[in-house]
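Protein chains in written order, with the UniProt record's numbering: chain A, 1 to 314; chain B, 1 to 516.
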Amino acid sequence: MLKFAFTRLLSAIPTLFIVSVAVFGLIRLIPGDPASLMLGDLADADALAAARKAMGLDQPVPVQFAIWLGNVVQGDLGRSVLNGQPVLDLVWHRFTTSAQMVLIAVGLSVLLAVPLGMAAAWRQNSSLDLAIVAMSTLLLSIPTFWLGLMILLAFGLKLGWLPVLGYVSVADNPISGIIYLVMPVMTLVLHEVGIIVRMARASTLDVLRLDYITHARAKGLSESAVLMRHAARNAFGPTWTLIGLILGNLLGGVAVVETVFTIPGLGRLIVDSIYARDYAVVQGCLLFVALTYLFVNLLVDLLYPLFDPRVTAE
Amino acid sequence: MTFPRTLWRAFISSIAIGLPGLAAANTLTVQITADIRSSQPGINRDAGTDSVMLNVVEGLVAAGEKGEIRPMLAKSWSISPDGRTYTFTLREGVKFHNGETMTADDVVFSLQKLIGHPEFSCKTFFDGSRDAKVESIAASGPDTVVITLDRPDAMLLNYMAQSQCGSTGIVHRASFNDDGSWKAPIATGPFTFGEWKRGEGLTLRKFADYSITGDKPDGYGGRKDVLVDAVKYVVVPDTATAVAGLRSGALDVLPYLPPGEAAKLKDDKAFTVVAAPHGGLVTMLFQTGDPLMSNIAMRRAVIAALDTPQIVDAVTYGLGVPNNSLVASGSFYHTAAQDKGYLHDPAAVPALLKAAGYKGEKINILTNRRSAINYDTAVIAQAMLQSAGINADIEVLEWASQLDRFNSGKYQIMAFNYSNRTDPALAYQTVVGSKAKKANAIWDDQEVSALVNTALQEADPARRQAIFDDLHARFLDQVPLVMLANGLDVGVSGPKVKGYRTWQGFARFWGVERSE
């Protein structure tokens, strides 16, 4: 297993290099000059030239890349041109904010969606199945920004049960932090449940059609024993992979939900930095997101054998 | 059994008190759409940062309600006959936020530190690259500061009062770390700088020992009575969320609401909508270097086809004030001469187009969606131009891309807003210039450039007025751009707030009350 993990980590290096080249190149291909955005319409040519020089933008792009990469290798992702903060500190702070919300949301989604998906498969074509499939399709179809706003209007404005805006870290104040997270987490859970239910149902249906399940039933085992003891673990494998992808995706930032609920997370940072052409922050964020994605998927692969012993981490 | 809603609300409120996101007693909670960029006035700033920081810092002089220069930390000043030496007499007993009394040495230290800073946003106003160079700043007594220039500069006080220069705010040396790096502002303004949680918001607190001057508020000068304990700024980027926050009582003031959103709240008696033009310019720029738009008859045809008051009325939902002059409608230089505007005359368009040799070529209008006013202006103008027989087309760009095209001069017509210019000479200086030297210059005319330079050097108001009147007549004749209106600030305050008003694009929180 260690050898597998080590090999995967090594193979991540070329991936990260390609990501860094792509991110560095693409952000510079977008029209827009960070210096003129920073100085606005007050800038004259000399001031713009001075600002570009101060940002290192007067160098050829390959030279800029080499300097940036050299710094990254030494753990220095640069500084934000917007507020002068070190990018690494900024990214980490925002990531931990997003992660609080995402980890809770994904955990709750799994707890809700997997049993629902399995129940739907178990009672395929029944009214329960129909109801679960219809609900998951509906949830999947609703855009998160609309869902978020409706939740905010209902629970924040109409009922007044939850604070409409603001944010407190769970680490600073657990009770307040959780109260502030209720609505964004609810939005994410409702959306992700739709996706996971469908996968859990499909993979359970696949497993329930296999011969060993027919054999178990033929032995006279109860349906619950067949489902829980024989079908559940095998059916969870594909869902586990999907959960890994969802987790990696959400940890990379949920800009829409963060914007609606005023949460200063990684997604909002990326969007703001792209609009401001804050190159160092965009590059740092996307590199970090790629790294997170690789790490989460490695973790998923390492844990996969727990659910399906036929697969080994070799 | 159900948990009563009022109890639950009380529970939430009790949790909310003391949290950075929500209001405590006698605290105004205010939306900002983006976090401030730094806490150092004039360094790494934008308009939102200025709006927050100018509640904390004050300069020697300040801009008055109509753009006049008013005393602030200086009680008076004199200018030497050669126009090179400015002598400021400081007010006595002014306290910094750390309790120390301001001295001339503090002022000298602060100004030297700011003007010498490589990232000072107004560096070119003071280093000789644009206007005069500040040769020295010295104390000549405990309450006298002397600034010496290398040549006369009538705009010096105006530059010192500019918001984008941080009002050249005076800060105590304890605002800096031992290594000279910035720590946090210890200034003299009516609010002290409190906690700042990056990305979330910040708090300003009432400065109990604030040295009040003047008898009434006057722009950034005058009397500043603080009637609340604190002002909490919360970063709320989404307008719908901010409006929900205002309706729920979580926010007291939304200082910068798009006019369309504010219009929806206008008839609701619980809210007070305040709207006022500032010195920014809402325009449609012509690229006078373009083969088609370089023809003055073509530009006049476009002007004749546009009903500019109707455009302003539509894009601002009736909240804006049409103004076809580069002299701001709120400026004391805006006289009857400046009220003369464009003539909407669709009947004259065909003859003008014929004179221009126009053969139905497509004319591209660049715009963006960041500013609803720019976008709506482009859409309405396109319809008006098309109905007058001009083949207008719209291209929507993301703001940074449009700014790139503005700076490179690559456009035919562009819906564009300039930021706040408090003095008319600065507004003219923004658009006038040689296209060969400055690609984003709009009005390339040597006589006009000379007049603008004269206005920049002229201190006498009557003579300045004559120059601005002359410039306006030339502006209407040459039509280098379409001036629609001054920038519009629309703010909304909640039912518990009294006295909130908007001025020149800034949210000032002295004179504002919050009742429980």
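Glycine is no exception: its CB is placed at the ideal position from the N, C-alpha and C atoms.
Computed from a predicted model, the values in this text were never measured in an experiment.
Identify each residue in the stretch 222-246 of chain B for which the Cβ-Cβ distance to at least one residue of chain A is less than 7 angstroms, and report them in chain order. Along the stretch 222-246 of chain B, going in chain order, the ones with a CB nearer than 7 angstroms to a CB of chain A are Val234, Val235, Val236, Pro237, Asp238, Ala240, Thr241, Ala244, Gly245.
Amino acids of chain A, ordered along the chain, whose beta-carbon sits closer than 8 angstroms to that of aspartate 404 of chain B: The answer, in chain order, is Pro31, Gly32, Asp33, Ser36.
CA nearest to the CA of lysine 95 of chain B, picked from B:Pro190, B:Ser331, B:Asp307, B:Lys438: Closest by C-alpha distance to lysine 95 of chain B, out of B:Pro190, B:Ser331, B:Asp307, B:Lys438, is B:Pro190.
Run through chain A and tell me which residues come within less than 7 angstroms of tyrosine 418 of chain B, C-beta to C-beta. Under a criterion of Cβ atoms nearer than 7 angstroms, the residues of chain A adjacent to tyrosine 418 of chain B are, in order, Asp41.
DSSP state of tyrosine 86 of chain B mapped onto helix, strand, coil: Reduced to three states, the DSSP call for tyrosine 86 of chain B is strand.
Candidates A:Thr96, A:Ile270, A:Val257, of which the one nearest leucine 152 of chain A by Cα: Leucine 152 of chain A has its Cα closest to that of A:Val257, out of A:Thr96, A:Ile270, A:Val257.
Kindly identify the DSSP beta-bridge partner or partners of glutamine 31 of chain B. According to DSSP, which records beta bridges pairwise, glutamine 31 of chain B is partnered with B:Val234.
Would you mind giving the Cβ-Cβ distance between tyrosine 317 of chain B and threonine 33 of chain B, rounded to the nearest angstrom? I have them listed as a contact below 8 angstroms. Not quite, the Cβ-Cβ distance comes to about 19 angstroms (not below 8 angstroms), so this is no contact.
Other residues of its chain near arginine 198 of chain A: CB distance less than 6 angstroms, five sequence neighbours each side excluded: The answer, listed in chain order, is Ser136.
Expected contact under 8 angstroms - CB spacing of threonine 213 of chain B and arginine 91 of chain B to nearest Å: With a beta-carbon spacing of about 6 angstroms, threonine 213 of chain B and arginine 91 of chain B fall inside the 8 angstroms limit used to define contacts.
Just checking: is the beta-carbon of aspartate 423 of chain B within a distance shorter than 9 angstroms of some beta-carbon in chain A? Not one beta carbon of chain A lies nearer than 9 angstroms to the beta carbon of aspartate 423 of chain B.
Could you tell me whether the Cβ of asparagine 407 of chain B comes closer than 9 angstroms to any Cβ of chain A? Taking 9 angstroms as the threshold, the shortest C-beta distance from asparagine 407 of chain B to chain A falls below it.
Around the Cβ of lysine 354 of chain B, are there at least 16 other Cβ atoms within 10 angstroms (buried) or fewer (exposed)? Under this definition lysine 354 of chain B is an exposed residue.
Quick one: using the 10 Å Cβ neighbour count with 16 as the cut-off for buried, is methionine 1 of chain A buried or exposed? Counting every other CB atom within 10 Å of its CB across the protein chains shown gives methionine 1 of chain A a total below 16, marking it as exposed.
Which chain B residues are close to glycine 70 of chain A, counting only those with a beta carbon under 9 angstroms from its beta carbon? In chain order: nothing, as chain B lies at least about 24 angstroms away.
Let me know if residue 315 of chain A comes out buried or exposed under the rule of 16 or more other beta-carbons within 10 Å of its beta-carbon. In this structure chain A extends from 1 to 314, so residue 315 of chain A is not present and cannot be described.
Determine the direct distance from the alpha carbon of alanine 507 of chain B to that of asparagine 26 of chain B, and round the result to whole angstroms. For asparagine 26 of chain B and alanine 507 of chain B, the distance between alpha carbons rounds to 18 angstroms.
Within the chosen definition, does the stretch 244-256 of chain B reach the stretch 445-457 of chain B through at least 3 CB pairs nearer than 8 angstroms? Between the stretch 244-256 of chain B and the stretch 445-457 of chain B there are fewer than three inter-stretch CB-CB distances shorter than 8 angstroms, so the stretches are not counted as touching.
With a 10 Å radius around its C-beta and 16 neighbouring C-beta atoms as the bar for buried, classify arginine 201 of chain A as buried or exposed. Result: buried.
Please list, in chain order, the residues of the stretch 30-47 of chain B that have any C-beta partner in chain A closer than 9 angstroms. So the close ones are Gln31, Ala34, Asp35, Ile36, Arg37, Ser38, Asn44, Asp46, Ala47.
Where do the ends of the alpha helix (DSSP H) carrying glycine 267 of chain A lie? Unbroken alpha helix (DSSP H) run through glycine 267 of chain A: 266-275.
Helix or strand or just coil, what does DSSP make of alanine 459 of chain B? Three-state result, alanine 459 of chain B: coil.
Could you work out which residue in B:Leu426, B:Val497, B:Gln412 is closest to tyrosine 418 of chain B when comparing CA atoms only? Of the candidates B:Leu426, B:Val497, B:Gln412, the one whose C-alpha sits nearest the C-alpha of tyrosine 418 of chain B is B:Leu426.
Looking at the unbroken alpha helix (DSSP H) that takes in threonine 283 of chain B, where does it start and where does it end? That residue, threonine 283 of chain B, is in no alpha helix (DSSP H); its beta strand (DSSP E) goes 272-286.
Buried or exposed by the 16-neighbour rule on C-beta atoms within 10 Å, applied to glutamine 386 of chain B: Classification for glutamine 386 of chain B: exposed.
What whole-angstrom Cβ distance do phenylalanine 332 of chain B and glycine 67 of chain B have, given they're in contact under 8 angstroms? Contact annotation, phenylalanine 332 of chain B with glycine 67 of chain B: C-beta distance approximately 7 angstroms; criterion of less than 8 angstroms satisfied.
CB contact check: asparagine 158 of chain B to chain A, cutoff 9 angstroms: Not a single CB atom of chain A sits nearer than 9 angstroms to the CB of asparagine 158 of chain B.
Quick check: is the beta carbon of glycine 199 of chain B nearer than 9 angstroms to any beta carbon in chain D? The structure shown contains no chain D; its protein chains are A and B.
Closer than 8 angstroms is the cut-off here; do at least three beta carbon pairs connect the stretch 45-61 of chain B with the stretch 281-292 of chain B? Contact between the stretch 45-61 of chain B and the stretch 281-292 of chain B is absent, because fewer than three Cβ pairs lie under 8 angstroms.
Decide if serine 515 of chain B is buried, meaning its Cβ has at least 16 other Cβ atoms within 10 Å, or exposed. Flag for serine 515 of chain B reads exposed.
If you follow the alpha helix (DSSP H) that phenylalanine 126 of chain B is part of, which residue opens it and which one closes it? Boundaries of the alpha helix (DSSP H) around phenylalanine 126 of chain B: 123-126.
Is there a C-beta anywhere in chain B that falls below 9 angstroms from the one on tyrosine 275 of chain A? Closer than 9 angstroms to some Cβ of chain B, the Cβ of tyrosine 275 of chain A qualifies, so yes.
Cβ-based neighbour list, leucine 292 of chain B, same chain, cut-off 7 angstroms, excluding 5 preceding and 5 following: Excluding residues within five positions, the ones whose Cβ falls inside 7 angstroms are Met298, Glu361, Ile363, Gln412.
Could you check whether the Cβ of leucine 22 of chain B sits closer than 9 angstroms to any Cβ belonging to chain A? At leucine 22 of chain B the pLDDT is 47, less than 50, meaning the model places this residue with poor confidence; the figure from the coordinates comes in the next sentence. It does; some Cβ of chain A falls within 9 angstroms.
Contact with chain B by histidine 93 of chain A, beta-carbon distance below 9 angstroms: Cβ-Cβ to chain B under 9 angstroms: yes for histidine 93 of chain A.
In chain order, which alpha helix (DSSP H) runs of at least 4 residues are fully inside the stretch 53-124 of chain A? Listed in chain order, they are 61-73, 87-122.
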